[in-house]
Every structure is written in structure tokens, then in C-alpha cells.
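Novice:
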DNA sequence: ACAGGGAGTCCCACATCGTGAGAACGCCAA
DNA sequence: TTGGCGTTCTCACGATGTGGGACTCCCTGT
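Chains as they are written, first to last, in our numbering: chain A, 3 to 278; chain B, 3 to 278.
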């Protein structure tokens, strides 16, 4: 408390609690601008680094803030609770949306995030400038075997589960490029697994191309996938793949920080991971 | 700072920031247990009411807390930002889910919350003990004219918009009870508007009954609807309607507190409310 | 009308508590 | 090596938040 003279603290007249106000402002700005370092944000608020770190540690101890990488912070698991985000899907959607929105404008593509539910892909997030051009909708379910996101998600299923899937359905050809034979699908998935990313070259819709990469949890399991789509624009650019992977990593980090409950997805596995 | 001796403050050794920790704990418990009064929660934490109110006002000033009614508090709009809840739908879903979950177990029914999108009902929340018995899914879209939620939402459309809707489509009979004539639908909607609630007596699915009530924004406009459904169980119990209305009011209050952006829904109106 | 109680606000002397400069450590890159 | 960044710790000081209590509304029950 060495700054008695100067104290134009925004527009608060909430006297007798300046310290708390400062702490909250620090937290809000830190979570709002995840790309800036703690020192920078603290400097903006005229908070010495020493004090800032002390404050931060309290937010961390209450689960309101989490470190994701060095010098990077994000909202912690407690905010999900406060916000009422109880189920996995809405948690993923909420946490990934800002990241995907940024990615969408960066790549000038429509970005999707999807999870596997009942052998189908459920789209949780759709972000993009001209996203109305695509027929997809958040909450919509689509077949998994022909979309980029679907391939990523299927590629991480354990063998038993995959065999069941490949044996269960009839795989209709949505376009002339759709892979419909179970053997060919299996082969495609192996390629996807090896590459770490997947393409959809007009297999769902003519002149619709997309690239997809996995979002993994702390154990390396694939819990979701994100894709970049373009109409009449092939997406096999490696720079694009890298950008996707980068964002997927950010989403993973945020989910990890949130301590999200991944148990719902574990039944995809052979039971090697403890089920709920 | 008159309590020098006693200070078994949970399990924090985050020394030098006890005040902040106390403040955050107060906030967390207040948002986690919305039914308890501030004085109660504060007493639990050994915080005198006087101090508690001062702390609270800071959270309020930062938008992290909002008063909903007397002695009732809920997470404020800023948490939605921190949590990354940017769009209206996920905001509504997140904020209403805890309330609807409680309602579902209270009524022993499956509860839905839906909004109107492109003349269809989009289900944002589905909560209930035996919810797997129903064919609905979050994110699913259904025709509006035959469901309870749909009727509520349609009943609030302005005349021009409603005429357009009634004139546009063909209304297929999903069951023998489905109302399919535009004139009869209009009549039904007028009844709904007068009553303030709507029924679906096996109009979507045989032996599926439901009752629905509106969720309104600060201007009284209907922005969503919630319903209680039962298989082979009629839902015209007035106690049930009251419980629904009660929860709808809570959802409304929370949305209001969040300062949610309702502009997306305003184009349903004649322009009497300022558009974004 | 009255009492009772709970929500919410304000005041102010006191001394506890947070503050913040600075030193220090590990790491990475130039 | 130097410099910068992220992070943690210490410590003396005094500005800061504290909290008891009085007070005002606005209920609700009698």
C-alpha cells in the first residue's frame, strides 16, 4: 500500500474494497485476453508482478484459474460450475468456441467441432464468417464414416468397437466419392490414424472439402475433433493442418485445465481406463 | 480484522491473501447454493454480514454476481464471458440446466427447453430421470405447430410473422390428434396466449403428453419455452403448471441478471423493440 | 396497527493485513 | 555470457479492510 496519491481505479466508487476489485479485474482481464502474459495485464492495472502472482495463486487454489503452459492462463474448472456447465458437451462447446472463432477468421473457413454419439457425429460448435453456406447446424447429427471429423473420431475407437460399427450399418454413398465398403473405411481410418489428420474430399456433399484433426484429453484419447471446411476449396494445405492442430491443442489444454469429466467417453475404450 | 486468534480457513496456505480467498469462497458458495441467503452463507464462512455485503457489491460491480429477487443471488453476465458462453443458445442452456434438472426430479417428468429457430423448435436442454424413453435429443429440431413448446413460442409471434408461418407450410398430421388446419392452429394459439400455457395431447407422438410454459425476457417477450413430458401420463395438472411457471420464472430471472443479448430474437417482432 | 425479522446500507476507530520493492532461481534464447 | 521472462519468497510499513452496531425498508403474521 505504497500508492496513496494515485488511484483512478476505473469508475468504481465501491470504497473499502479496492483490493478485491483489483484482484477481480486482474482475473477478468487475464481470462478475457488469454494471449497476454500475466505481467502485461498486471502492468495495465498498475499491479506489481509480485502482488499479481500472489493474487493469481488464490484464484488458482479455488479452481477459478488454471495455468495452461508457461505464462498462459485460462478459466479454471470452477467457472464451469458457476456458469452451470454440467455436461461434457456444453463444456466443450463453451470452452472451444472462442478458440474456434479465432481460427475461423484466421483461416477464412467454417470450423466445426464434433463428438461421437451413438455412432454418429454430433456437431457442437460451428463458427465461420460465411457459415450459412453450409447445411450443418449445431446439434445436428451426421454419419461418421464419410466426414472428416467422423473419421478422426472413428479412428480412435478400439478394435472391438470399430468392428461392431463397421459390421452394424449400411454405408450409403452420399456422393460419388463416398467410401462405402467397410474394408475401405477401415483402411482409410488406418491412414488417418497414421497421419494424425483426416480429409473429406467431397464425400458428404459434392464440392465440399474439409480437413480434420483430433482433440485429445489428458490420456491422449480422442474426445472430439475439429475441422475446417470449404466449398469448392480443397483443404489439403499443410499450413492449414498445422493451424488446426494448434487450435486443437489449445482446446485440449483448456479442457485439461478444467478437469473435465471425460468418463462419458471412456466406454469407447476396452475398459483399460476406469469407467465412471 | 478483529479475529486474530481463530482462523482455520479451510485448507489454504495461500498466506497474504486471506481476504481475497474469503471473498472468492463467499462468491462461490453464493452462486453454488442459490437458495441460501447471503447472511447464512456469510455466517458459514465467519464473515459478518456487514463485510459480506461490501464484498458482494464489488462482485456485482464487475458483473460477476447479480441479484435476482430479494436475498437471491446468481452468477452475473461476466461469468458467461469468462466461461466463453457467447451465443444466446448456449447461454440459455447453461443457465437453465440446473434449474430444469431440479424441476425434472421434482415432477418426475422429462423437462425440455426449446427456442424457435427457422420456424422450428430447437431443443436446447433435455433433463429427466428416464429421459432415454423419449426420442428427443438436445440440438434436435421439431415442427413447432404440434408440440407444447412450439405452441408457446408461436403464440408470441407478431401477427405478420404468424400469418407468414401459417401460410407457408404444410402441416402434416403426426398422430390422429395433430391439429393441421391453419385456422385451427391459429385458434389453438389464441387459447394458449390467453391461458399462458400450452398442452400437447398426443399430437406429436401417440401416448406422449406434455405441458409447456413461456420463458420471457425483460420486455415480456417469449424467448424460450419449457415443458414437462410424460409417456401415457396426461399433464393437465394445475400443480404441474405452477411448478413449470415457477421454474420458468427462475430461468427468466437468471437470463435477466445475465444481461443476455436478446437481439437475435427481436426480428420476430414488428420492430417495436429496437433491433441490434 | 403493531411487532418481529430479514435484507441491505452506512459509519468510523482500530490494528491487522495486504502491499510492493527487491532479491533470487530456473529456464530459454541470443 | 548477458538479458529477459516466469515465478516464488521475504519483510517492514502504514494504508487498508474490518466488523460491531445503529439504521432504514419492506415484508409477514397477529
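Using N, Cα and C, we set each Cβ at its ideal position, and we do this for glycine too.
If I follow the unbroken alpha helix (DSSP H) through residue 27/A, where does it start and stop?
Specialist: 20-34
Novice: Using a Cβ-Cβ distance under 9 Å, would residue 87/B count as near chain A?
Specialist: yes
Novice: Give the list of continuous alpha helix (DSSP H) stretches no shorter than 4 residues that lie fully inside the stretch 175-245 of chain A.
Specialist: 184-197
Novice: What did DSSP end up calling residue 112/A once you bin it into helix, strand or coil?
Specialist: strand
Novice: So with CB distances below 7 Å, who are the chain B contacts of residue 82/A?
Specialist: 85
Novice: How long is the line joining the alpha carbons of residue 171/B and residue 144/B, rounded to whole angstroms?
Specialist: 14 Å
Novice: Give every residue of the same chain whose Cβ lies closer than 8 Å to the Cβ of residue 62/B, excluding the five residues on either side of it in the sequence, and list them in chain order.
Specialist: 68, 69, 78
Novice: Buried or exposed: where does residue 131/B fall if 16 or more other Cβ atoms within 10 Å of its Cβ makes it buried?
Specialist: Its Cβ having fewer than 16 others within 10 Å, residue 131/B is exposed.
Novice: Over what stretch of residues does the alpha helix (DSSP H) that includes residue 153/A continue unbroken?
Specialist: It spans 150-157 - the alpha helix (DSSP H) in which residue 153/A sits, taken as one unbroken run.
Novice: Where does residue 247/B sit, in a helix, a strand or coil, going by DSSP?
Specialist: helix
Novice: Chain A beta carbons: is any one of them nearer than 9 Å to that of residue 91/B?
Specialist: Put simply, the CB of residue 91/B is near chain A, with a gap under 9 Å to one of its CB atoms.
Novice: Among 27/A, 215/A, 206/A, which has the Cα closest to the Cα of residue 137/A?
Specialist: 206/A
Novice: Going by alpha carbons, who is nearest to residue 101/A out of 253/A, 259/A, 194/A, 257/A?
Specialist: 253/A
Novice: Between residue 127/B and residue 30/A, is the Cβ-Cβ spacing less than 9 Å?
Specialist: no
Novice: Indicate whether residue 142/A and residue 124/A have their beta-carbon atoms separated by less than 9 Å.
Specialist: A contact, by the Cβ cut-off of 9 Å.
Novice: Contact defined as beta carbons within less than 8 Å: I believe residue 158/A pairs with residue 223/A. What is the distance between those atoms, to the nearest angstrom?
Specialist: Contact between residue 158/A and residue 223/A holds: CB atoms are separated by about 7 Å, below the 8 Å threshold.
Novice: If distances are taken between C-alpha atoms only, which option among 129/B, 213/B, 220/B comes closest to residue 230/B?
Specialist: 213/B
Novice: Pop quiz: residue 182/B and residue 204/B are said to be a contact at Cβ under 8 Å. What is the actual Cβ separation, rounded to whole angstroms?
Specialist: Between residue 204/B and residue 182/B the Cβ distance is about 14 Å, and since that is not below 8 Å, they are no contact.
Novice: On the premise that residue 226/B lies in contact with residue 215/B, defined as a C-beta separation below 8 Å, what is that separation, rounded to the nearest angstrom?
Specialist: Not confirmed; about 10 Å, so no contact.
Novice: How is the beta strand (DSSP E) around residue 126/A delimited, first residue to last?
Specialist: Its beta strand (DSSP E) spans residues 122-129.
Novice: In angstroms with no decimal places, state the Cα-to-Cα distance between residue 147/B and residue 210/B.
Specialist: 15 Å
Novice: Let's test the definition: count the other Cβ atoms within 10 Å of the Cβ of residue 19/A and tell me whether it reaches 16, buried, or not, exposed.
Specialist: Burial call: buried.
Novice: In angstroms with no decimal places, state the Cα-to-Cα distance between residue 150/A and residue 129/A.
Specialist: For the pair residue 150/A and residue 129/A, the Cα-to-Cα distance works out to about 16 Å.
Novice: Can you tell me the Cα-Cα spacing of residue 54/B and residue 91/A, whole angstroms?
Specialist: Cα-Cα distance, rounded: 35 Å.
Novice: So with CB distances below 8 Å, who are the chain A contacts of residue 64/B?
Specialist: 23, 26, 27, 30
Novice: Based on DSSP bridge pairs, tell me the residues matched to residue 68/B.
Specialist: 76/B
Novice: Could you work out which residues of chain B lie near residue 97/A, taking near to mean beta carbons separated by less than 9 Å?
Specialist: 85, 86
Novice: Over what stretch of residues does the beta strand (DSSP E) that includes residue 145/A continue unbroken?
Specialist: 143-145
Novice: What number of angstroms, rounded off, separates the C-alpha of residue 42/B from the C-alpha of residue 34/B?
Specialist: 13 Å
Novice: Taking the alpha carbon of residue 58/B as the point to measure from, which residue in 48/A, 38/A, 86/A, 26/A has its own alpha carbon closest?
Specialist: 26/A
Novice: Got a sec, what are the start and stop residues for the alpha helix (DSSP H) residue 39/A sits in?
Specialist: Counting along the chain, residue 39/A falls outside any alpha helix (DSSP H), and DSSP gives it neither H nor E.
Novice: Please decide whether residue 140/A counts as near chain B, where near means a Cβ-Cβ distance under 9 Å.
Specialist: yes
Novice: Any C-beta of chain B sitting closer than 9 Å to the C-beta of residue 173/A?
Specialist: It does not; no Cβ of chain B falls within 9 Å.
Novice: What is the rounded straight-line gap between the Cα of residue 114/B and the Cα of residue 190/B?
Specialist: 21 Å
Novice: What are the residues in the stretch 102-120 of chain B lying within 7 Å of chain A by C-beta distance?
Specialist: none
Novice: What are the boundary residues of the alpha helix (DSSP H) that includes residue 2/B?
Specialist: The shown model of chain B, from 3 to 278, leaves out residue 2/B, and the question about it has no answer.
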